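In my numbering, the protein residues as written are 20 to 525.
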């Protein structure tokens, strides 16, 4: 049984499950001892008696005690617990590495070494905070993803096993049967909903409120023609590489007679099974689906400058980017120019260096991928309109990535990430923090050198210097990144688009 410190107060859990409060979805799970089933707090089934209920902080903790996931509320749809999915905490960084396959072919000792902690200490932290050991957390995640694919798609069971990270169908069948007491094929009692062509459609849950319109607005102003497209209802882009390009679209999951779904709809085309889990993970990060808006708002609203912004836009999220290298290049090009100008310059670079796509995608308006580091490290930038210092910095980033001197490793702390990036020529604190904010989705990244922030934080429009802004923002930790986007959006709504800049002082 897990430590009570990892759970909301039991009274809060009780009230949340009885009221089916979606704000607590994924923050705890309700296990029913008389049925052996565990549920989300939003489960539509009649609530069990309090005496039959045990609360767990994670699905892995419930499964470790022998409970099976509810087939009605489907725990695999719960958003992740934002406390452990981002930031500098050891558990947060360990989970990010597990998501990227750290335990697939290496022992727990290897993961612990990457985090500079002992194996026993790492296991203890997981049990204390998540209610299950790292191997158990990994196993539960794989099985729940497989369960979602079995429920929502028509993929063959062999491809589901591959997509969930199992090395063999036999091992998958055995693990599924042991955890859920049924074979994978028995879960498919009803046919999957029909979709067009090769599309796969998955449901990605979040905790409300969620301002999807604001997310689309931010991405729309930065969309690169031929690579991504934003319309009134969703975001579409090409992904993959020149040999295996695919397409994804993210939109809101439609409400039903029962109410809002509190989920986004992810439609995938041409994505190989082995890439599905990574694709879903990147979409969840890009659209910030694991955030806890209620907790973030309660903390940031203590600042009188932020309180009215949070009331006006309670569901504003932290928009990350699809690809870390793409965001890093955009950050350099965007230094001291408007958003519109940066988009134009980046589009030119993409047209020259991006790999062209097959006719089937080109016919839909997607003609190339964003350039790779290999394409830019020695590329000819003449005629693109970029100044020499920006070109040198882009080349330096490409070379450093290829040589392993910088990366987008989630195991690194914010300070480590910033230190590595600022060691490159042309990368100052503003650019490094922006990369951490948008390439890694770090919730506490804070570009204090940003001129818009320095003016936006004061009531009278006077400007704070970077040091004073840093001091003011200490009270916003560990969610300074959310304050950044609230202030940026407020400034953008008050300023004509052509004049809106997020600039480095360099």
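Note that CB positions come from ideal geometry on N, CA and C, so glycine has one too.
Computed from a predicted structure; not experimentally measured.
(message) Whether or not the segment 279 to 293 and the segment 236 to 243 are in contact is what I'm after, with contact meaning three or more pairs of Cβ atoms, one per stretch, closer than 8 Å; do they touch?
(response) no
(request) Assign residue 21 to one of two classes, buried (16 or more other C-beta atoms within 10 Å of its C-beta) or exposed (fewer than that). (result) Residue mapping note: residue 21 aligns to position 2 of the chain shown, counting from 1. For residue 21, the pLDDT reaches just 41, beneath the cut-off of 50, and the residue's location in the model is therefore unreliable, although a value from the coordinates is still provided. Residue 21 comes out buried.
(request) Using alpha carbons as the reference points, say which of 304, 330 and 30 lies closest to residue 316. (result) Your numbering for residue 316 matches position 297 in the chain shown. Selected option, being the one with the closest Cα: 330.
(request) Compare the beta carbon distance of residue 388 and residue 501 with 7 Å and say whether it is the shorter of the two. (result) By one-based count along the chain shown, residue 388 stands at place 369. By one-based count along the chain shown, residue 501 stands at place 482. Cβ atoms of residue 388 and residue 501: not closer than 7 Å.
(message) Distance check for residue 70 and residue 268, CA to CA, integer angstroms please.
(response) Sequence index remark: in the chain shown, residue 268 carries index 249 (1-based). Sequence index remark: in the chain shown, residue 70 carries index 51 (1-based). Approximately 44 Å between the Cα atoms of the pair.
(message) For the segment 458 to 465 against the segment 484 to 503, do three or more pairs of beta-carbon atoms, one drawn from each stretch, fall closer than 8 Å, so that the two count as touching?
(response) yes
(message) In the DSSP assignment, the beta strand (DSSP E) including residue 259 goes from what residue to what residue?
(response) Here residue 259 refers to the residue found at position 240 when the chain shown is read from its first residue. Note, residue 259: beta strand (DSSP E), 253 to 260.
(request) Using a threshold of 7 Å, state whether the C-beta atoms of residue 113 and residue 134 are closer than that. (result) Taking the first residue of the chain shown as 1, we reach residue 113 at position 94. Taking the first residue of the chain shown as 1, we reach residue 134 at position 115. Against a cut-off of 7 Å, the Cβ pair of residue 134 and residue 113 comes out as a contact.
(request) Return the CA-CA distance between residue 142 and residue 89, expressed in angstroms with no decimal places. (result) Within the chain shown, numbered from 1, the residue matching residue 142 stands at position 123. Within the chain shown, numbered from 1, the residue matching residue 89 stands at position 70. Cα-Cα distance, rounded: 27 Å.
(message) Pop quiz: residue 451 and residue 440 are said to be a contact at Cβ under 8 Å. What is the actual Cβ separation, rounded to whole angstroms?
(response) One-based indexing of the chain shown puts residue 451 at position 432. One-based indexing of the chain shown puts residue 440 at position 421. That pair is a contact at about 4 Å.
(message) If you reduce the DSSP assignment to three classes, tell me which class residue 476 lands in.
(response) Looking up residue 476 in the chain shown gives position 457. The answer is coil: DSSP assigns residue 476 none of H, G, I, E or B.
(message) Tell me the DSSP secondary structure of residue 23 in three-state form.
(response) Here the question's residue 23 lines up with position 4 in the chain shown. Here the model assigns residue 23 a pLDDT of 45, short of 50, so the residue's position is not dependable and the matter cannot be decided.
(request) Tell me, please, whether the segment 269 to 283 touches the segment 214 to 231 by the rule of three or more beta-carbon pairs shorter than 8 Å. (result) yes
(message) Could you check whether residue 256 and residue 339 sit closer than 7 Å to each other, using their CB atoms as the reference points?
(response) For the purposes of this step, residue 339 is taken as residue 320 along the chain shown, with counting starting at 1. For the purposes of this step, residue 256 is taken as residue 237 along the chain shown, with counting starting at 1. Contact: no.
(request) Buried or exposed for residue 85, please, with buried defined as at least 16 other CB atoms from any protein chain shown within 10 angstroms of its CB. (result) The sequence position of residue 85 within the chain shown is 66, counting from 1. So residue 85 ends up on the exposed side.
(message) If you reduce the DSSP assignment to three classes, tell me which class residue 453 lands in.
(response) Taking the chain shown and counting its residues from 1, the one referred to as residue 453 is at position 434. If DSSP states are grouped into helix, strand and coil, residue 453 belongs with the helices.
(request) Output the residue ranges of the beta strand (DSSP E) runs that lie fully inside the segment 57 to 108 and measure 3 residues or longer, sorted by chain position. (result) 72 to 75
(request) Report the rounded CA-to-CA distance for residue 398 versus residue 372, giving the unit in angstroms. (result) Here residue 398 refers to the residue found at position 379 of the chain shown. Here residue 372 refers to the residue found at position 353 of the chain shown. Cα-Cα distance, rounded: 8 Å.
(request) Along the beta strand (DSSP E) that carries residue 267, what are the first and last residues, could you check? (result) The residue given as residue 267 occupies position 248 in the chain shown. From DSSP, the beta strand (DSSP E) with residue 267 extends over 263 to 271.
(request) Note down, in chain order, each residue of its chain lying with its Cβ closer than 7 Å to the Cβ of residue 171, except the 5 sequence neighbours on either side. (result) Reading the chain shown from its first residue, position 152 is the one you call residue 171. The answer, listed in chain order, is 211, 220, 221 and 222.
(message) Would you call the segment 352 to 371 in contact with the segment 476 to 485, where contact means no fewer than 3 C-beta pairs closer than 8 Å?
(response) no
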